[in-house]
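Numbering (this note's numbering), first residue to last: -12 to 424.
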């Protein structure tokens, strides 16, 4: 772990932590069902057989959690609004109370309007879901917009498409491979319609949280480089190019749904100008030519028919999730985005960065965060306009298909008693935030 002084960040730099509704709120009986409720009810879908029906019980304990945020000293709290809860009687009242509590504590609320918990009965393969999303966004913004300035439309449409619709390891559990592309397009269209809905209600600080990471070819062999380039298009550029350039990467637009000409009209909506661009970063991916067999990677089985294979990154420490720790990948990613998009790249906010480790004396998490914050500063020194950094996550939580087996929190949660206990990393981050001001 680095022991030299942390470099100074620009004045006004935003320090925060992130969570998502389905992973922490619980109180499932007080909201409508989501695709994740249906998914977790199927035997074998979640590794420990658990559900998020209670999770961290944040719905009932939000005041305790806001007190943790206040003690942590962060500027902002990124949470998500549950669409199924908003669709239930009194559902928005919870977010009213939460936002009021945050404001009273001096913590800026930063809501994400979709973090994977699609209401049951809706489907991202259907175009109408994008319009339904914009209607829901208008309802939320009309209620909370007097106290909320900074908005996030979607979280990680790439992962929701790949894991939920292409590979079937997340909700809604479809294994469509490349037939999942309409889900990607309709989420991006929903984003653009949501930006318009927010603007119509006076919002002036709107972004998205996209996941990105450098793609490293497994070798200099042409087949490996070609496979890595395709993977990069599929997981990075397909979800960034249309937002920032108004175009899909070559070869992708033709695969998207709709009659001739409609995709172009959709792209004008998708490319609505952003005030900032959110980046979720965890690690690079090493990619090579297909190997003709299924590959187990990061808890996901990748089918043999994919036109690439994901390889391990050797010589790096691993988190408890088995993910490689590569802080310099964040510098590479951010400078690469700046080089690719130039002045079309808005100011950047790191909306997620974190790691899974056990224990209250989580020195490995401190080392991870220390390295990544320094890597972020190097990107700023290189000229990338980065305005904020959010740790994933405030609390240990329901980690999707992993259940409760992975702990990303700065705060330990006992999932039997629901007692919260700050970890060593909580104190480290609190000190960092105080020094950074």
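All C-beta atoms, glycine included, are put in the ideal place defined by N, C-alpha and C.
- Boundaries of the alpha helix (DSSP H) harbouring residue 125: 115 to 131, taken from the DSSP string.
- Collapsing the DSSP output to three states places residue -9 in coil.
- Setting aside the 5 residues that flank it on each side, residue 294 is surrounded in the same chain by 214, 217, 277, each with a C-beta closer than 8 Å to its C-beta; the list follows chain order.
- Cα atoms of residue 203 and residue 34: separation of roughly 30 Å, rounded to the nearest angstrom.
- Judged by DSSP in its simplified three-state form, residue 273 adopts strand.
- Rounded to whole angstroms, the Cβ separation of residue 63 and residue 94 is 7 Å, and the two are in contact under 8 Å.
- The alpha-carbon of residue 416 is positioned some 31 Å away from that of residue 79.
- Judged by their CB atoms, residue 115 and residue 179 are not nearer to each other than the 9 Å cut-off.
- Between the alpha carbons of residue 412 and residue 10 lies a gap of roughly 20 Å.
- In the structure shown, the three-state DSSP call for residue 376 is strand.
- In this structure, the beta-carbon distance from residue 133 to residue 191 does not fall below 9 Å.
- When the Cα atoms are used, residue 395 and residue 280 turn out to be separated by approximately 31 Å.
- Residue 91 is classed as exposed because its beta carbon has fewer than 16 other beta carbons within 10 Å across all chains shown.
- It is roughly 16 Å from the alpha-carbon of residue 166 to the alpha-carbon of residue 291.
- Inter-segment contact for the region 234 to 242 and the region 267 to 277 is absent: fewer than three beta-carbon pairs are separated by less than 8 Å.
- The DSSP-derived three-state label of residue 339 is strand.
- Apart from sequence neighbours up to five positions away, the residues of its chain that approach residue 138 with a beta-carbon distance below 6 Å are 185, 190, 193, ordered along the chain.
- Straight-line measurement puts the Cα of residue 306 at about 15 Å from the Cα of residue 357.
- In the DSSP assignment, the residues bridged to residue 95 are 63.
- With respect to the C-alpha of residue 89, the residue from 103, 57, 316, 67 having the closest C-alpha is 57.
- In the three-state scheme derived from DSSP, where H, G and I count as helix and E and B as strand, residue 134 is classed as coil.
- For residue 412, there is no enclosing beta strand (DSSP E); the residue is part of the alpha helix (DSSP H) that begins and ends at 411 to 423.
- Rounded to the nearest angstrom, the gap between the Cα atoms of residue 128 and residue 329 is 31 Å.
- For residue 126, the closest of 387, 68, 207 by C-alpha to C-alpha distance is 68.
- Ranked by how close their Cα comes to the Cα of residue 380, the residues 373, 359, 338 have 338 in first place.
- Residue state for residue 239 is assigned as coil, using DSSP reduced to three classes.
- Fewer than three pairs of CB atoms, one per stretch, sit closer than 8 Å, so the region 347 to 365 makes no contact with the region 5 to 20.
- A residue is called buried when at least 16 other Cβ atoms come within 10 angstroms of its Cβ; residue 408 does not meet this threshold and is exposed.
- By the Cβ rule, the region 318 to 333 counts as touching the region 360 to 380, because three or more pairs are nearer than 8 Å.
- Measuring C-alpha to C-alpha distances from residue 220 to each of 200, 84, 209 identifies 200 as the nearest.
- DSSP places residue 325 in the uninterrupted alpha helix (DSSP H) bounded by 315 to 328.
- Secondary structure note for residue 179: its alpha helix (DSSP H) is the uninterrupted segment 168 to 187.
- Around the C-beta of residue 209, fewer than 16 other C-beta atoms lie within 10 Å, and the residue is accordingly described as exposed.
- Taken through DSSP and simplified to helix, strand or coil, residue 139 comes out as strand.
- In terms of Cβ geometry, residue 313 and residue 300 form a close pair [threshold 9 Å].
- Counted as a single uninterrupted DSSP element, the alpha helix (DSSP H) harbouring residue 355 occupies residues 350 to 368.
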